[in-house]
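Positions in the sequence shown are counted from 1; adding 85 to them yields my numbering.
Down below is the structure, laid out as structure tokens.
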Amino acid sequence: MIVCVCRRVSDRDIQHAAHRGCGSFEDLQMELGVATCCGRCADCARSVLLAAQSRPAQGAGASAMAPALALA
Ligand code: FES
86 MIVCVCRRVS
96 DRDIQHAAHR
106 GCGSFEDLQM
116 ELGVATCCGR
126 CADCARSVLL
136 AAQSRPAQGA
146 GASAMAPALA
156 LA
């Protein structure tokens, strides 16, 4: 899903930035340029960033799941 139309930033772009260590909305703006033009996407971008920071990166739980799957 495109979050920032002006800068063509998707929710995945924001999630990847968060998982690379982007720790604040200001960092996100510096890294991706999100919400630096019209600003209409700021609330949505903040929400996507907060959600990404509150859960592990995709695939991070895969190794933890492997033993359980091996026993199944
Ligand atoms: S939609 Fe993101 S700055 Fe305009």
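Glycine residues also receive a C-beta, built at the ideal position from the N, C-alpha and C atoms.
Let me know the secondary structure DSSP gives residue i once reduced to three states.
i, result
"D96", "helix"
Would you decide whether residue i is buried or exposed? Buried here means 16 or more other CB atoms lie within 10 Å of its CB.
i, result
"A137", "buried"
"D98", "buried"
"L113", "buried"
"C123", "exposed"
Distance, Cα to Cα, residue i vs residue j?
i, j, result
"A130", "G108", "13 Å"
"L117", "V133", "13 Å"
So, under 8 Å CB-CB, residue i and residue j are touching, yes? Tell me the CB distance rounded to an integer number of Å.
i, j, result
"R93", "T121", "At roughly 12 Å, the Cβ-Cβ gap does not stay under 8 Å, so R93 and T121 are not in contact."
"D96", "V88", "5 Å"
*What residue ranges within the region 113–148 form continuous alpha helix (DSSP H) runs of no fewer than 4 residues, ordered along the chain?*
127–138
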